[in-house]
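> Sharing a structure below in structure tokens format, with a few things to ask.
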Amino acid sequence: MEQKLSSSNLEAIAAQNFKTEVLAGITTFIASVYIIMTNALILSDAGISQDAAMIATVLTCTISTVLMGLIANTPFILVPGMGINSLFTYTIVQSMGLSWQEGLAAVLVSGVIFTLIASTKLTKILMNSIPNNLKHAITTGVGFLILFIGLQKSGLVVSNENTMIGLGNIANKETLLSIVTLITILILSMKNVPGNLLISIIIGTVLSLFMGVTSLSNLDFAGFNMGAIKEVFLGMSFENIWSIPFMVAVFSITIVIVFENMGILYGQLGALNREADFQKSFKVTGISNIIAGVCGTSPTIVAAENFSGISVGGKSKIAAFTSAILFLLSLFLIPVLKLIPDGVISSVLIFIGILMIQTFFDLEKGDLIETISIILMITIIPFTYNIVNGISIGFIVYTILNVVINKEKKNVSITMYVLSGLFIFNFVLSTLMGTIH
């Protein structure tokens with residue numbers, strides 16, 4: 004009798020755990036589905052059609068998340084990174100002059116390098132050799148860049164002849180829509196409403212119909228071209244693989260995706276008390292970036308939204324598989340997703356920027372050299388519209404000042420010397436090629 008009762012209890016616990024994992028997967032998907040639209044909007048500025056970008060995003064998220072579940076048995080989803088897609092579009096394509104096809108090739112090569120790093124002891128060396136404050140400063144600087152992009156796309160910030168930038172026309176319908184949607188996001192977020200971003204997007208889109216910003220007549224399932232994926236799938240161009248701009252692009256992407264994934268992943272595994280599984284999960288993030296290049300989207304990261312799934316009990320691959328299935332099913336909703344106006348998506352970008360900027364408060368009080376490096380990094384990223392410029396100058400200044408001021412030079416690891424040297428070399432090459440903007 005006791006044996007039967009014990010077996011029954013085990014089955015009940017297993018069923019409850021399964022329900023919890025499925026709920027966690029649904030929660031993570033709801034919290035991150037906005038990425039499909041937001042990523043497509045940013046990639047469209049690189050010349051990729053929104054249909055193609057949406058499908059590529061969905062496929063990349065689906066395949067990568069399944070792999071994360073299979074290989075690492077974690078509940079994490081992988082998505083194109085907000086901030087890294089800005090690097091791809093505004094730095095690699097628009098500033099450095101690569102075509103988006105060459106940009107995708109750079110993503111794939113960076114993914115290969117990332118995977119090799121994640122498969123060796125280099126991972127541990129990198130984690131221990133770069134000051135935590137500089138890692139946090141990267142996230143903060145990228146947050147300011149995303150915030151600025153969101154403000155521009157909403158119309159809240161516009162160009163100004165006298166001051167370079169100024170306040171836009173708040174009476175503009177799309178700008179007003181962005182303001183209302185942003186306020187909705189902030190209220191729901193502060194009240195910890197599950198799926199607050201998705202709910203806010205729905206509210207903003209419905210409001211846009213009443214305001215005349217968009218129309219249901221734009222809803223066209225027949226007009227959606229599933230075949231658009233052919234534009235970007237295996238669309239990489241390696242024609243100029245040995246050119247300086249291409250090599251600079253690969254170096255830039257690799258630096259950003261390695262450090263950003265490293266920080267986010269370690270934090271999420273820590274929340275699960277599974278830091279020992281870092282290597283397996285980190286390797287999958289590298290493979291995910293290869294998948295991104297093949298499918299035709301910008302580099303991927305372990306989604307920050309995974310914390311929403313963790314908070315409701317997500318611990319294993321079941322949650323990841325659930326999210327992956329929902330991502331795949333969202334392909335059939337893309338015509339509906341296209342109804343969402345830029346004014347609504349821009350408010351999401353502003354909110355994401357705010358969340359990332361909060362990392363600033365994780366900074367520990369350091370010495371003056373570290374403070375100077377952090378300030379330069381955080382300001383140069385948004386002011387130059389270039390993530391790599393900010394990282395480069397922050398690292399270079401930190402290393403040089405420590406070499407000159409601190410005679411013992413114990414604050415600087417060999418890795419920092421190597422990275423700073425590479426960044427200087429990068430600047431020299433970029434200047435010669437005229438690719439720094």
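In my numbering, the protein residues as written are 4 to 440. Virtual Cβ for every residue (Gly too), placed ideally from N, Cα, C.
1) Quick check: Phe-330 and Val-61, are their CB atoms within less than 7 angstroms of each other?
2) Give, in chain order, every unbroken run of the alpha helix (DSSP H) that is at least 4 residues long and sits entirely within the stretch 66-134.
3) Could you check the C-alpha separation between Leu-379 and Gly-397 for me, to the nearest Å?
4) Just confirm the distance between the C-beta atoms of Thr-94 and Leu-81, as a whole number of angstroms; I'd bet it's less than 8 angstroms.
5) Relative to the C-alpha of Phe-426, which residue among Thr-382, Ser-218 and Ile-403 is closest?
6) Roughly how many whole angstroms lie between the Cα atoms of Thr-300 and Gly-270?
7) Do you know how far the Cα of Ile-375 is from the Cα of Ala-323?
8) Measure the alpha-carbon distance for Gln-6 versus Asn-20 and round it to whole angstroms.
9) Which whole-angstrom value is the C-beta distance of Asn-309 and Thr-31, which I expect to be below 8 angstroms?
10) Rounded to whole angstroms, what is the Cα-Cα separation between Ile-182 and Val-160?
11) Opposite Val-161 in the DSSP bridges: which residues?
12) Whole angstroms are fine: how far does the CA of Ile-267 sit from the CA of Lys-341?
13) For Ile-360 and Thr-143, which I take to be in contact (beta-carbon distance under 8 angstroms), what is that distance rounded to the nearest angstrom?
14) Between Thr-184 and Ser-350, is the Cβ-Cβ spacing less than 7 angstroms?
15) For the structure I just gave you, are there three or more beta carbon pairs, one from the stretch 147-158 and one from the stretch 352-367, closer than 8 angstroms?
16) Residue range of the alpha helix (DSSP H) that Thr-178 falls in?
17) Return the CA-CA distance between Gly-171 and Ile-74, expressed in angstroms with no decimal places.
18) Is there a Cβ of chain C sitting closer than 7 angstroms to that of Asn-131, yes or no?
19) Going along the chain, which residues of its own chain have a beta-carbon closer than 7 angstroms to the beta-carbon of Ile-202, five neighbours each way excluded?
20) Here's the rule I'm using: 16 or more other beta-carbon atoms within 10 Å means buried, otherwise exposed. How should Ile-168 be labelled?
21) How many angstroms separate the CA atom of Gly-100 from the CA atom of Gly-106?
22) Can you tell me which of Val-36, Val-96, Asn-228 and Ser-246 puts its alpha carbon nearest to the alpha carbon of Leu-432?
23) How would you write the range of the beta strand (DSSP E) that Ile-343 sits in, first residue to last?
24) Just to confirm my understanding: we take His-440, look at its own chain, exclude 5 residues before and 5 after, and list those with CB closer than 6 angstroms. What are they?
25) Between Gly-369 and Asn-199, which are expected to be in contact by the criterion C-beta below 8 angstroms, what is the C-beta distance as a whole number of angstroms?
26) According to DSSP, Ile-304 sits in a beta bridge with which residue or residues?
27) Count the other CB atoms within 10 Å of the CB of Gly-50; is the residue buried (16 or more) or exposed (fewer)?
28) Can you tell which of Ala-59, Ser-122, Leu-46 and Ser-326 has its C-alpha closest to the C-alpha of Ala-231?
29) Please confirm whether Trp-103 and Val-110 have their CB atoms less than 7 angstroms apart.
30) Nearest by alpha-carbon distance to Ala-140: which of Asn-405, Thr-382 and Thr-387 is it?
31) Which residues bound the alpha helix (DSSP H) around Ile-399?
32) Leaving out five residues before and five after Leu-148 in sequence, what residues of the same chain have Cβ atoms less than 8 angstroms from its Cβ?
33) Phe-21 by DSSP, collapsed to three states: which one?
Inspection of the coordinates gives the following:
1) Yes, they are a contact pair.
2) Residue ranges of uninterrupted alpha helix (DSSP H) with 4 or more members, entirely inside the stretch 66-134 and ordered along the chain, are 103-121 and 125-132.
3) One Cα belongs to Leu-379, the other to Gly-397, and the distance between them is close to 6 angstroms.
4) Between Leu-81 and Thr-94 the Cβ distance is about 22 angstroms, and since that is not below 8 angstroms, they are no contact.
5) If we check each option's Cα against that of Phe-426, Ile-403 comes out closest.
6) The alpha-carbon atoms of Thr-300 and Gly-270 are separated by roughly 25 angstroms.
7) One C-alpha to the other measures close to 41 angstroms.
8) At Gln-6, the pLDDT of 48 sits below 50, so the modelled position is not reliable; the number obtained from the coordinates is stated separately. The alpha-carbon separation between Gln-6 and Asn-20 amounts to approximately 21 angstroms.
9) Yes, Asn-309 and Thr-31 are in contact; Cβ-Cβ is about 6 angstroms, under 8 angstroms.
10) Roughly 12 angstroms separates the two Cα atoms.
11) Paired residue(s): Gly-169.
12) Taking the straight line joining both Cα atoms gives about 30 angstroms.
13) Ile-360 to Thr-143, Cβ: 6 angstroms. Contact.
14) Yes.
15) Yes, the stretch 147-158 is in contact with the stretch 352-367.
16) Residues 176-193.
17) Going by the C-alpha atoms only, they are around 48 angstroms apart.
18) In the displayed structure, chain C is absent; only one protein chain is listed.
19) Contacts found: Leu-191 and Val-196.
20) It is exposed - the Cβ of Ile-168 has fewer than 16 other Cβ atoms within 10 Å.
21) Between Gly-100 and Gly-106, the C-alpha separation is close to 10 angstroms.
22) Looking at the Cα atoms, Ser-246 is the closest of the given residues.
23) Run containing Ile-343: none; DSSP gives neither H nor E here.
24) Residue placement at His-440 is poorly supported in this model, since its pLDDT is 45, which falls under 50; the coordinates still yield a value, given next. The beta carbon of His-440 sits closer than 6 angstroms to the beta carbons of Ser-98 from its chain, once the five residues preceding and following it are set aside; these are given in chain order.
25) The pair is not a contact, with the Cβ atoms about 34 angstroms apart (cut-off 8 angstroms).
26) Residue pairing by DSSP puts Ile-304 in a beta bridge opposite Val-82.
27) It counts as exposed.
28) The alpha carbon of Ala-231 has as its nearest neighbour, out of Ala-59, Ser-122, Leu-46 and Ser-326, the alpha carbon of Ala-59.
29) For the pair Trp-103 and Val-110, the CB atoms are not nearer than the 7 angstroms cut-off.
30) Among Asn-405, Thr-382 and Thr-387, the Cα nearest to that of Ala-140 is on Thr-382.
31) Its alpha helix (DSSP H) spans residues 390-408.
32) The answer, listed in chain order, is Gly-86, Ser-89, Gly-356, Ile-384, Pro-385, Tyr-388 and Ile-390.
33) Helix.
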